[in-house]
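Participant: Anchor point for the sequence shown: position 44 equals 44 in UniProt numbering, and the numbering is continuous, going up by one each time.
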Amino acid sequence: MRPPSDCPALVWFRDDLRLDDNPALNAAQAAGRPLVLVFLLDEQSDGIRALGGAARWWLGRSLGALATAIEAKGGRLILRRGRAIETIPDLARSIGAEAVYWNRRYGAAEIAIDKAVKSALTTGGIAVESFGGNLLHEPWTIETQSGGPFRVFTPFFRRAVTQAVRAPARATSPWLFGSPPEGERLEGWKLEPSQPDWADGMRRAWTPGEEGALKALAAFIDGGLNGYADQRDRPDLTSTSRLSPHLRFGEISPHRALVAVRHAETDGSAAPRDVAKFVSEVYWREFSYHLLFHFPDIGRANFNDRFDAFEWADDEALLRAWRRGLTGYPLVDAGMRQLWQTGWMHNRVRMVAASFLIKHGLTDWRRGEEWFWDTLVDADPANNPASWQWVAGSGADAAPYFRVFNPVAQGEKFDPDGHYVRHFVPELAGLPSSILHKPWEAPPAVLLQAGVVLGETYPRPIVDHAWARQRALDRFQRIRVQ
Numbered sequence: 001m002r003p004p005s006d007c008p009a010l011v012w013f014r015d016d017l018r019l020d021d022n023p024a025l026n027a028a029q030a031a032g033r034p035l036v037l038v039f040l041l042d043e044q045s046d047g048i049r050a051l052g053g054a055a056r057w058w059l060g061r062s063l064g065a066l067a068t069a070i071e072a073k074g075g076r077l078i079l080r081r082g083r084a085i086e087t088i089p090d091l092a093r094s095i096g097a098e099a100v101y102w103n104r105r106y107g108a109a110e111i112a113i114d115k116a117v118k119s120a121l122t123t124g125g126i127a128v129e130s131f132g133g134n135l136l137h138e139p140w141t142i143e144t145q146s147g148g149p150f151r152v153f154t155p156f157f158r159r160a161v162t163q164a165v166r167a168p169a170r171a172t173s174p175w176l177f178g179s180p181p182e183g184e185r186l187e188g189w190k191l192e193p194s195q196p197d198w199a200d201g202m203r204r205a206w207t208p209g210e211e212g213a214l215k216a217l218a219a220f221i222d223g224g225l226n227g228y229a230d231q232r233d234r235p236d237l238t239s240t241s242r243l244s245p246h247l248r249f250g251e252i253s254p255h256r257a258l259v260a261v262r263h264a265e266t267d268g269s270a271a272p273r274d275v276a277k278f279v280s281e282v283y284w285r286e287f288s289y290h291l292l293f294h295f296p297d298i299g300r301a302n303f304n305d306r307f308d309a310f311e312w313a314d315d316e317a318l319l320r321a322w323r324r325g326l327t328g329y330p331l332v333d334a335g336m337r338q339l340w341q342t343g344w345m346h347n348r349v350r351m352v353a354a355s356f357l358i359k360h361g362l363t364d365w366r367r368g369e370e371w372f373w374d375t376l377v378d379a380d381p382a383n384n385p386a387s388w389q390w391v392a393g394s395g396a397d398a399a400p401y402f403r404v405f406n407p408v409a410q411g412e413k414f415d416p417d418g419h420y421v422r423h424f425v426p427e428l429a430g431l432p433s434s435i436l437h438k439p440w441e442a443p444p445a446v447l448l449q450a451g452v453v454l455g456e457t458y459p460r461p462i463v464d465h466a467w468a469r470q471r472a473l474d475r476f477q478r479i480r481v482q
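1) Go to residue 218, then tell me how far its alpha helix (DSSP H) extends in each direction, as first and last residue.
2) Taking only the alpha-carbon atoms, compute the straight-line gap between residue 419 and residue 407 and give it to the nearest angstrom.
3) Assuming residue 117 and residue 89 form a contact by the criterion Cβ under 8 Å, report the distance between their Cβ atoms to the nearest whole angstrom.
4) Looking at the structure shown, is residue 307 part of a helix, part of a strand, or coil, going by DSSP?
5) Checking 9 Å against the spacing of the C-beta atoms, do residue 210 and residue 20 come in under that value?
6) Is there at least one Cβ from chain C nearer than 9 Å to residue 203's Cβ?
7) At which residues does the beta strand (DSSP E) containing residue 452 begin and terminate?
8) Give the C-beta separation of residue 283 and residue 135 to the nearest angstrom, bearing in mind that I take them to be a contact with Cβ-Cβ under 8 Å.
9) Please report the straight-line C-alpha distance between residue 280 and residue 25, rounded to a whole angstrom.
10) Please classify residue 241 as buried or exposed, where buried requires at least 16 neighbouring CB atoms within 10 angstroms.
11) Considering only their Cβ atoms, is the gap separating residue 126 from residue 92 smaller than 9 Å?
12) Compute the Euclidean distance between the alpha carbons of residue 159 and residue 198, then round it to the nearest angstrom.
13) Is residue 321 buried or exposed, if buried means 16 or more other CB atoms sit within 10 Å of its CB?
14) May I ask which residues mark the beginning and end of the beta strand (DSSP E) holding residue 184?
15) Between 453, 397, 437, which lies nearest to residue 149 when the distance is taken from Cα to Cα?
16) Can you give me the C-alpha to C-alpha distance between residue 205 and residue 412, rounded to a whole angstrom?
17) Can you look up residue 476 in the DSSP assignment and give me helix, strand or coil?
18) Candidates 470, 65, 256: which alpha carbon is nearest residue 221's?
19) What does DSSP give as the partner residue(s) for residue 40 in the beta ladder?
20) Indicate the three-state DSSP secondary structure (helix, strand or coil) for residue 206 in the structure shown.
21) In angstroms, rounded to a whole number, what distance separates the CA positions of residue 41 and residue 253?
22) Check residue 150 in the structure and name its three-state DSSP category.
23) Is it true that the region 380-389 meets the region 333-342, where meeting means three or more beta-carbon pairs spaced less than 8 Å apart?
24) Using the rule of at least 16 other Cβ atoms within 10 Å of the residue's Cβ for burial, across every protein chain shown, is residue 263 buried or exposed?
25) Using the C-alpha atoms, what's the distance from residue 11 back to residue 98?
26) For residue 131, report the span of its alpha helix (DSSP H) as first-last.
27) Please state whether DSSP places residue 103 in a helix, a strand or coil.
28) Counting along the chain, where does the alpha helix (DSSP H) carrying residue 57 start and finish?
29) Quick one: give me the first and last residue of the beta strand (DSSP E) that residue 12 is part of.
30) Indicate the three-state DSSP secondary structure (helix, strand or coil) for residue 4 in the structure shown.
31) Using the Cα positions of residue 269 and residue 361, report the straight-line distance between them to the nearest angstrom.
32) From residue 1 to residue 96, what distance separates their C-alpha atoms?
33) Measure from the alpha carbon of residue 112 to the alpha carbon of each residue in 381, 84, 416, then state which is nearest.
34) Return the CA-CA distance between residue 459 and residue 236, expressed in angstroms with no decimal places.
35) Is the distance from the Cβ of residue 192 to the Cβ of residue 57 below 9 Å?
Quick look at the structure:
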């Protein structure tokens, strides 16, 4: 038998592509064993939802950044593809691993896979240690007084925010690496689009990886955090953290982000009101994972089954116009074009765009969720469906069914000078702000001067807001009285 210190520890990266504050990695280091580090691209296991195109692009960039960071420490990241139940135990046996470490996941399919892998490893005499690395509170640790899961955000938040949160921990030095076997080449996975290459805007907008995440956090604290509570709904301002894709891929832990933001409050560089609002947004993410764990069908089934009887129209022409940013409503179109160009959309505009598809178009929320899954770099298995169901009115703590966002009023309120719309819908740039969000009401002379020809250079509204709103309310009323 070799001494335990000579037996490698296998660390399995998943949605935790960082070296800082990584509990599984820290525990493996503390054990004093040589580290062998692996990322597995598993698109074959039952129930696994394949990443959308934008998230695949992000994953490729993030893995490249992680590999570079590991190489700087003297190690190497192994890349493998295949079913986890076969690949991880085979790899662990081939390197003579004494233990395998990972951070836990919370989707039903992922939990089932991890249980099966753990069983296969422990049966073979290989220890498994798993940790909570990507949430402040694991879903089963926050309970109602009766011991069940929460279904409404506010009481969940009130309970969760009183619970202790572990302090973030940095990796220790020196690094001790084992001899890793050969892996696959990242280029061979073809995560980058090529024919056509639609990712140029995302390359300009983002720096995936742990270093990019830490820089985004620093930039937010230095800039966007001040005034966050009042300005986070303004898509025309740099007023949000833009941490969502970094959190999605675990390039930064919520613990690290929370500590940094609260430190800004302590040293007086951030107002308590702004910090409190940011904290509540972090806890909305926590709530979404709470829902995913306790109600694993949230991405496929209506949380409120009364909506199973809702009469969707599923207007294909409207769906196509919405995807292309050609609905005739400038704020909606700006958001959909921002999504296509950058892989991201401002949160306020996400709500307006989702509401438009669901309530103006009477389109099943699942079709919108699928589009966002494919086009968002931060497409998240918990946040994405939970937020779509919130807008639809079918979800937990849902917006009331009668809340139908008016895209004109929303644009005038949150993009008052039109900077956001002018950037992403440049064909309207010449219109004055007073009419920019409703160009169909502009006098002919104003349209002519701005070079706008409705129906040619920019579409007329694909549906009338007042009529569509009433139609939606009528449909919602039918299921309400059942």
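For glycine and all other residues, C-beta sits at the position ideal for the given N, C-alpha and C.
Facilitator: So, from the listed chains and residues:
1) It spans 210-219 - the alpha helix (DSSP H) in which residue 218 sits, taken as one unbroken run.
2) So the two alpha carbons sit approximately 16 Å from each other.
3) Yes, they are in contact, since the Cβ atoms of residue 117 and residue 89 sit about 7 Å apart, within 8 Å.
4) Annotated three-state conformation of residue 307 is helix, per DSSP.
5) Result yes, Cβ atoms of residue 210 and residue 20 sit closer than 9 Å.
6) Absent here is chain C; the protein component of the structure consists of one chain.
7) Segment: none, residue 452 is in no beta strand (DSSP E) and carries neither H nor E.
8) Between residue 135 and residue 283 the Cβ distance is about 10 Å, and since that is not below 8 Å, they are no contact.
9) About 28 Å.
10) With 16 or more Cβ atoms within 10 Å of its Cβ, residue 241 is classed as buried.
11) Their beta carbons are under 9 Å apart, which means residue 92 touches residue 126 by this criterion.
12) Taking the straight line joining both Cα atoms gives about 44 Å.
13) Answer is buried; the Cβ neighbour count reaches 16.
14) Residue 184 -> no beta strand (DSSP E), and no H or E assigned at all.
15) Ranking the options by Cα distance to residue 149, first place goes to 397.
16) Taking the straight line from one Cα to the other gives about 26 Å.
17) DSSP, reduced to helix, strand and coil, places residue 476 within a helical segment of the structure shown.
18) Restricting attention to 470, 65, 256, the CA atom closest to the CA of residue 221 is found in 256.
19) According to DSSP, residue 40 bridges with 80.
20) In the structure shown, residue 206 sits in coil (DSSP, three-state: anything other than H, G, I, E or B).
21) Between the alpha carbons of residue 41 and residue 253 lies a gap of roughly 21 Å.
22) In the displayed model, residue 150 falls within coil according to three-state DSSP, outside both helix and strand.
23) Not touching, per the Cβ criterion.
24) By the neighbour-count criterion, in which 16 or more other beta carbons inside 10 Å mark a residue as buried, residue 263 falls on the exposed side.
25) Their backbone Cα atoms lie some 11 Å apart in a straight line.
26) No alpha helix (DSSP H) contains residue 131, which is instead part of the beta strand (DSSP E) from 127-131.
27) DSSP places residue 103 in strand when its eight states are reduced to three.
28) Where residue 57 is concerned, the enclosing alpha helix (DSSP H) stretches over 53-72.
29) Residue 12 -> beta strand (DSSP E) spans 9-13.
30) Legend: pLDDT at residue 4 = 49, less than 50; position of this residue unreliable, value from coordinates given subsequently. Under the three-state reduction of DSSP, residue 4 is assigned to helix.
31) Between the alpha carbons of residue 269 and residue 361 lies a gap of roughly 44 Å.
32) Unreliable placement is indicated for residue 1, whose pLDDT of 38 sits below 50; the coordinate value is still reported in the next sentence. If I take the Cα positions, the gap works out to 11 Å.
33) When only C-alpha atoms are compared, the closest one is 84.
34) Residue 236 has its alpha-carbon roughly 23 Å from the corresponding atom of residue 459.
35) Closer than 9 Å, so yes.
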